[in-house]
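Number of protein chains: 2
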Amino acid sequence: MRTHQLVLQWIENQLSAGELTLGGRLPAERMLAEQLEVSRTSVREAIRILEAMGVVRAGVGSGKDAGTVVIADPTTALGSALRLHVATSHLPVADIVETRVLLESWAAARARTDSPALTEAAALLEQMDAAVDTEEFLGMDVRFHLALAEAAGNAVVSAMMGSLREAIQSYAGTFTANLPDWDATAARLRAEHREILAAISHNDGARAADLVAAHIEGYYKEAGLAD
Amino acid sequence: MRTHQLVLQWIENQLSAGELTLGGRLPAERMLAEQLEVSRTSVREAIRILEAMGVVRAGVGSGKDAGTVVIADPTTALGSALRLHVATSHLPVADIVETRVLLESWAAARARTDSPALTEAAALLEQMDAAVDTEEFLGMDVRFHLALAEAAGNAVVSAMMGSLREAIQSYAGTFTANLPDWDATAARLRAEHREILAAISHNDGARAADLVAAHIEGYYKEAGLAD
DNA sequence: TACTTGATGTGGTTGGACCACATCGCCTAA
DNA sequence: TTAGGCGATGTGGTCCAACCACATCAAGTA
């Protein structure tokens, strides 16, 4: 067992036991090192991993944002992992897209009408009508789809959805560049978003799922993603 | 930009550019530090993260297993991340199980009959008949379900499946302890496995998906998982 | 030829030092 | 008394130099 893993295990135990909770603070690196009788380097390596996993956030200085505090951001962890493995060509982009369709259509079929996330999605729809900048539109599109996923009420699916999106975000520019007519595409996307929301509102989960699948697959097909 | 992130970025670029490929070796830590004009500490922090992400494996000594080599193990990365967030109570176990049902039934519906993974699954079925030890049975059960997922031919889904399994592995003992009659349960699981494989062989994807969903949900329900 | 033994190179770990930063509280001057 | 400044304190961020354990390889030796 390497030293930093010992530190990792100690922290994970603290989390499991509820002695470290969301928003809580880890002991200062120097204190933790002394307490566990390891070097500060090893403590830092463990914290670096937890940071990459979206479990903690390290901040310098004093007071409010200082110290190493516990957060809960599973999305970045999964996103970074997926992105790195896409970089090694071990995870095909087509598989990412396929998985996204799978998760998102499931979420659409299962979305609860009374979910606050759904209200947020509807609000985003209005904002997207006013958006003129392509990048601004895409940013809201991301949030719209994430809100849709959240409406299903499954935290794991939401996190995975977000991470899939993040993993191929660097390709977004390439995709839009391949589109023959962005304005036309944007108009179509808006219309499809409305249809999806309408289907969910009418409790027609099956139709919502089909619409979402067609929505996503249609976009990537138009953008020329080889599959 | 923190120093270790610079190192991380450099390595990720090397991966994307194909200058570092699977099985390839990173420069030695001291060399890399000198080359990028950073301290060895920062290089090590970056490598620690990549290691946690399942992108590299570090080995001491000389020769074959020595040095830091590029691997491709997305499962452990996702698994660790999920496990940690389960520890913080931010990801409910019920959501993990639900996601597993979702992914695995999709995979069953989409499994290709000619997949080598399916052959492996069939072979595991035979071995499970001979297994007497509970732990041994469970180990093969994990591999059976992973083989099923691989038969669908989507690397992302396979990785996620494996990670979900890993994230709740520590609960496996609790689940089996809750079962009233392990032998009866094991017999049922074996029979259900056979049905699932049969459905796939007959190209009845829809039935296979239903069977898988009932198989998993039935097990956790019997084991008393609150949902 | 077979075996020992040292050289070499790898990651693993440690302690100490210094920096940048943000806050808190004392002290000074108005 | 009050307002401002300014140093003390504690945080993570970075770097350096040294040493360890380990695995291999090559030279030397019996």
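Residue numbers (our numbering), protein chains in the order written: chain D, 1 to 227; chain H, 1001 to 1227.
Positions of the beta carbon are idealized from the N, C-alpha and C atoms, including for glycine.
Check the Cα spacing between H/Pro1180 and each of H/Ala1223, H/Arg1002, H/Gln1127 and H/Gly1024: the tightest is with H/Ala1223. In the DSSP assignment, H/Val1056 falls within the beta strand (DSSP E) that extends over Val1056 to Gly1059. Against chain H, the CB of D/Arg40 has no partner CB under 8 Å away; the residue lies outside that interface. Residues of the segment 1183–1214 of chain H with a Cβ closer than 9 Å to any Cβ of chain D: none. Straight across, the Cα-Cα distance linking H/His1090 with D/Thr21 is about 10 Å. From the beta-carbon of D/Thr99, the residues of chain H found nearer than 8 Å are Asn1154, Val1156, Val1157 and Met1160. For a cut-off of 8 Å, the C-beta gap from H/Gly1023 to H/Val1069 is around 6 Å, short enough to register as a contact.
Out of D/Ala109, D/Ser163 and D/Leu6, the CA that lies nearest to the CA of D/Asn203 is found in D/Ala109. In the three-state reduction of the DSSP assignment, D/Thr68 falls in the strand class, which pools E and B. Secondary structure at H/Arg1025: strand, using DSSP grouped into helix, strand and coil. Apart from sequence neighbours up to five positions away, the residues of its chain that approach D/Ala77 with a beta-carbon distance below 7 Å are Ala52, Met53 and Gly54, ordered along the chain.
A buried status is given to D/Ala111, since no fewer than 16 other beta-carbon atoms sit within 10 Å of its beta-carbon. With a threshold of 8 Å between beta carbons, H/Met1001 makes no contact with chain D. Ranked by Cα distance from D/Thr174, the options D/Glu192, D/Thr134 and D/Gly153 are led by D/Thr134. Interface criterion not met: the Cβ of H/Glu1029 is under 8 Å from no Cβ in chain D. Looking only at H/Ile1196, H/Ala1155, H/Gly1018 and H/Val1086, the smallest Cα-Cα distance to H/Leu1211 is reached by H/Ile1196. When C-alpha distances from D/Ala172 are compared across D/Asn13, D/Thr75, D/Leu102 and D/Val97, the shortest belongs to D/Val97. A Cβ-Cβ distance of about 5 Å is found for the pair H/Ala1159 and H/Thr1075, placing them in contact under the 8 Å criterion. When Cβ-Cβ separations below 8 Å define contact, H/Asp1095 makes contact with chain D. Assignment of H/Arg1002 by DSSP, reduced to helix, strand and coil, places it in the coil class. Residues of the same chain with a CB within less than 6 Å of the CB of D/Leu82, apart from the 5 flanking positions on each side, are Ser163 and Ala167 in chain order.
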